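First residue of the first sequence: 1, per full-length UniProt numbering; consecutive thereafter. Backbone N, C-alpha and C define an ideal beta-carbon position, used for all residues, glycine too. Small disclaimer: the values here were computed from a predicted structure and weren't measured. Just below is one structure, and these are the notes that go with it.
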Amino acid sequence: MGYLLQRITGEIAENLRKAAVKAGYLDPSDEFAFELEKPKEKAHGDLATNLAMLLTKKARKNPREIAATLLEYLEIPAVVERVEIAGPGFINFYFKKDWALDVIPEILNAGEKYGRLSIGSGKKVQVEFVSANPTGLLHMGNGRGAALGDILANILAEAGYEVSREYYINDAGNQIENFNKSVEARYLELLGYKVEFPEEGYHGEDIIDTARNIVARFGDRFIHLPEKERQETLGKIALEEKLQSIKKSLENFGVKYDVWFSERSLHESGEVEKTVKLLLERGYLYEKDGALWFAASKLGEEKDEVLVRKNGVPTYYAADIAYHKNKFDRGFDLVINIWGADHHGHVSRMKTALKALGYDPERLIVILMQLVRLFQGGELVRMSKRTGQYITLDELVEEVGVDAARYFFVMRSHDAHLDFDLDLAKEKSSENPVYYIQYAHARIMSLYRQCNEQGVNLPPVEDVDLTILSSEAELELLRHLAEFPVEIEKCATALAPHHLARYLHELAGYFHTFYNSCRVLGVEENLSKARLLLVEATRIVLRKGLKMLGVSAPEKM
RNA sequence: GUCCCUGUAGCUCAAUGGAUAGAGCAACGGACUUCUAAUCCGUAGGUUGGGGGUUCGAGUCCCUCCGGGGACGCCA
1 MGYLLQRITG EIAENLRKAA VKAGYLDPSD EFAFELEKPK EKAHGDLATN LAMLLTKKAR
61 KNPREIAATL LEYLEIPAVV ERVEIAGPGF INFYFKKDWA LDVIPEILNA GEKYGRLSIG
121 SGKKVQVEFV SANPTGLLHM GNGRGAALGD ILANILAEAG YEVSREYYIN DAGNQIENFN
181 KSVEARYLEL LGYKVEFPEE GYHGEDIIDT ARNIVARFGD RFIHLPEKER QETLGKIALE
241 EKLQSIKKSL ENFGVKYDVW FSERSLHESG EVEKTVKLLL ERGYLYEKDG ALWFAASKLG
301 EEKDEVLVRK NGVPTYYAAD IAYHKNKFDR GFDLVINIWG ADHHGHVSRM KTALKALGYD
361 PERLIVILMQ LVRLFQGGEL VRMSKRTGQY ITLDELVEEV GVDAARYFFV MRSHDAHLDF
421 DLDLAKEKSS ENPVYYIQYA HARIMSLYRQ CNEQGVNLPP VEDVDLTILS SEAELELLRH
481 LAEFPVEIEK CATALAPHHL ARYLHELAGY FHTFYNSCRV LGVEENLSKA RLLLVEATRI
541 VLRKGLKMLG VSAPEKM
């Protein structure tokens with residue numbers, strides 16, 4: 001089971017365990033976790049383990065001594081050329097130079113399935129992301145969430161989870177009232193009435209556009225409605241339009257959701273009410289100052305929270321609890337939310353509420369994404385939805401393209417602030433790492449066009465002697481290809497898509513080095529065939545990785 | 001005030017508690033009569049913000065101080 005490198009690693013790990021048992025350091029039943037992975041330093045071999053160092057506490061001996069004893073009992077697989085004890089007590093495994101040759105048939109046979117894992121074992125995972133208020137347009141920060149969520153979902157699907165992408169539509173509450181009032185004000189303005197713009201209203205240009213569309217479609221027919229009805233009717237039409245434009249922006253950005261979930265539907269179906277009642281039955285509710293409070297402090301929170309206001313309207317928090325209850329009741333084993341870091345205060349409250357309802361809070365994972373700061377002309381561009389001053393996702397895509405935008409958003413760890421230098425990202429030059437990766441793919445396709453002209457076909461892998469691949473550039477590239485599944489596993493378990501971006505950049509680098517030092521066409525026939533298969537394997541992995549990032553793999557550049 | 005991120009090369013960032021802290025960009029020096037030079041090869045660049053602690057071993061964990069960002073509402 002598993003892929004080449006994983007099989008080798010698994011076998012060595014198992015043998016190490018057995019050796020530790022034989023040497024009397026471990027009982028056969030012991031679960032003992034140790035590391036066995038690629039060392040940073042190439043000189044330290046292909047795999048290294050810290051097992052001997054970890055056994056010092058149990059064995060009460062010096063780690064190098066333990067390592068020596070382990071080696072006496074260790075069964076060593078054929079791919080391993082030599083084993084060394086190094087540094088404070090590492091055991092380093094040096095593979096035969098050509099160990100990764102087998103990855104070529106493995107990749108060619110698996111095709112685009114190469115890298116697919118079963119660690120998710122079909123568990124149902126929901127990834128909820130973006131979920132921006134439909135009262136405005138999507139901005140850069142939403143773009144980061146969109147890229148992160150979508151790519152994470154791709155990775156989890158590849159790792160064997162059953163993934164559902166979801167967008168939570170905040171179509172209830174105060175903000176909607178403000179939104180309705182704002183739309184009404186713009187609508188009346190456009191029809192020549194003098195109105196005072198609401199204090200907490202949305203000042204953005206986009207609201208004016210929306211109002212203009214309504215005037216175009218419906219004229220002045222809403223003018224004579226009673227104020228409240230007029231606001232609601234206009235708001236409803238406007239919200240629908242906004243939602244459609246958000247959907248379109250996201251699709252344009254390469255993101256498609258499985259479910260669009262309406263907050264209002266939770267209120268209308270009575271689920272919010274039911275959830276509040278459930279908390280009451282479980283003894284976590286009390287009344288104070290005319291409001292209903294959730295006794296979060298009983299479960300370790302700093303303070304209690306209002307669930308139902310004095311005026312009888314449930315808070316956002318109440319709806320969100322109902323929403324998360326609903327998620328788990330839909331049967332997800334794992335629920336992942338991607339939130340802006342400004343919501344971090346909400347994380348522990350949410351988990352506490354789930355605990356109060358009897359759900360395991362561990363099944364909710366919130367990825368806090370640090371905010372995006374936009375720089376233009378070396379200056380910080382302030383973003384505010386209320387004043388309507390922000391660069392939209394659409395504008396960003398128009399300027400830098402989907403490929404660059406997605407790659408930039410995901411190339412960094414989610415918990416690092418992202419300074420997005422618009423001028424730099426706009427530059428269509430070699431400074432852009434995404435071009436570097438795409439260029440590797442384009443070079444391969446160009447090579448194939450040459451093959452076509454010369455009547456060269458990709459030979460069947462059985463007919464080719466791969467052992468002819470022996471230069472450092474070729475072997476490095478091979479080794480890196482063999483690491484792809486391990487990389488996906490790393491991304492999936494750490495929920496960290498930026499590793500994939502980095503991996504592909506490295507892979508492209510190994511390819512470029514290979515390409516510059518090894519000619520594929522016009523060399524001795526057997527060598528040419530073997531290199532052609534190596535190129536094909538590279539193409540498959542590059543294309544697959546780019547697809548997971550949602551970045552195009554161009555034929556030509 | 002309490003809490004959450006964060007501080008690593010000139011810049012932007014990597015590094016499940018591991019060995020001599022790595023990439024890209026920028027800088028400097030080289031490589032195209034041969035499959036795309038949007039590439040490659042080489043050089044240089046560091047007290048990981050300061051101090052203490054935990055241990056075989058710390059950029060990583062703990063304490064403390066300093067700097068940057070954010071959250072603490074009957075907003076969402």
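Can you name, in chain order, every residue of its own chain whose Cβ lies under 8 Å from the Cβ of SER297, other than the five neighbours on each side?
LYS303, ASP304
How big is the Cα-Cα spacing for LEU278 and PHE179?
32 Å
Which residues bound the beta strand (DSSP E) around LEU47?
47–49
Suppose you measure from the CA of GLU251 to the CA of LEU396; what does that come to, to the nearest Å?
The straight-line gap from Cα to Cα measures roughly 14 Å.
Since ARG82 sits in a beta bridge, which residues does DSSP pair it with?
TYR94
Of all the options GLU287, TYR167, PRO105, which has the alpha carbon lying nearest to the alpha carbon of ALA132?
TYR167
State the DSSP-derived secondary structure class of ALA440, mapped to helix, strand or coil.
Note: ALA440 maps to helix in three-state DSSP.
Grouping DSSP H, G and I as helix and E and B as strand, with all else coil, what is ASP394?
When DSSP states are grouped into helix, strand and coil, ASP394 belongs to the helix group.
How many Å lie between LEU521 and LEU504 at the Cα?
25 Å
What span of residues does the beta strand (DSSP E) with LEU292 cover, start to end?
291–294
Cα separation between ALA13 and LEU477?
The straight-line gap from Cα to Cα measures roughly 25 Å.
With respect to the alpha helix (DSSP H) encompassing SER164, which residues constitute its N-terminal and C-terminal limits?
From DSSP, SER164 is part of no alpha helix (DSSP H) but of the beta strand (DSSP E) over 162–169.
What span of residues does the beta strand (DSSP E) with ILE338 cover, start to end?
In the DSSP assignment, ILE338 falls within the beta strand (DSSP E) that extends over 334–340.
Under three-state DSSP, which class holds SER269?
coil
Return the CA-CA distance between ALA341 and THR392, expressed in angstroms with no decimal places.
19 Å
Since LEU299 contacts ALA356 with CB under 8 Å, what's their CB separation in whole angstroms?
6 Å
Pull up the CB-CB distance for ILE367 and ILE338, whole angstroms please, since I reckon it's below 8 Å.
5 Å
Would you identify the three-state DSSP class for GLU199, choosing helix, strand or coil?
coil
Assuming GLU162 contacts GLY122 under a Cβ cut-off of 8 Å, what Cβ separation, rounded to an integer in Å, is found between them?
6 Å
Assuming PHE222 is part of the alpha helix (DSSP H), what are its boundary residues?
Secondary structure note for PHE222: it is in no alpha helix (DSSP H), with a DSSP letter that is neither H nor E.
Tell me the DSSP secondary structure of GLY545 in three-state form.
helix
What runs of the beta strand (DSSP E), each 3 residues or longer, lie entirely inside the region 398–431?
418–421
Rounded to the nearest angstrom, what separates VAL410 and LEU148 at their Cα positions?
6 Å
In whole angstroms, what separates the C-alpha of LEU447 from that of GLY401?
When rounded, the distance between both Cα atoms is 26 Å.
Got a sec, what are the start and stop residues for the alpha helix (DSSP H) GLU65 sits in?
63–73
According to DSSP, which residues form a beta bridge with VAL308?
LEU292, PRO314
Go ahead and pull the three-state DSSP assignment for ASP150.
helix
Assuming TYR187 contacts ILE214 under a Cβ cut-off of 8 Å, what Cβ separation, rounded to an integer in Å, is found between them?
6 Å
Go ahead and pull the three-state DSSP assignment for LEU156.
helix
Please classify MET557: is it buried, with 16 or more other beta-carbons within 10 angstroms of its beta-carbon, or exposed?
The residue in question, MET557, is exposed, as its Cβ has fewer than 16 Cβ neighbours within 10 Å.
State the Cα-Cα distance for the pair VAL183 and LEU280, rounded to the nearest angstrom.
38 Å
Answer with buried or exposed for ASP171, where buried requires no fewer than 16 other C-beta atoms within 10 angstroms of its C-beta.
buried
Is ALA492 closer than 9 Å to GLU158 when the C-beta atoms are compared?
The Cβ atoms of GLU158 and ALA492 sit closer than 9 Å to each other.
In whole angstroms, what separates the C-alpha of VAL335 from that of LEU364?
5 Å
Out of SER265, ASP329, ASP30, LEU466, state which residue places its alpha-carbon closest to the alpha-carbon of LEU533.
LEU466
Could you give the C-beta distance for LEU117 and ILE488, rounded to a whole number, given that I count them as a contact under 8 Å?
6 Å
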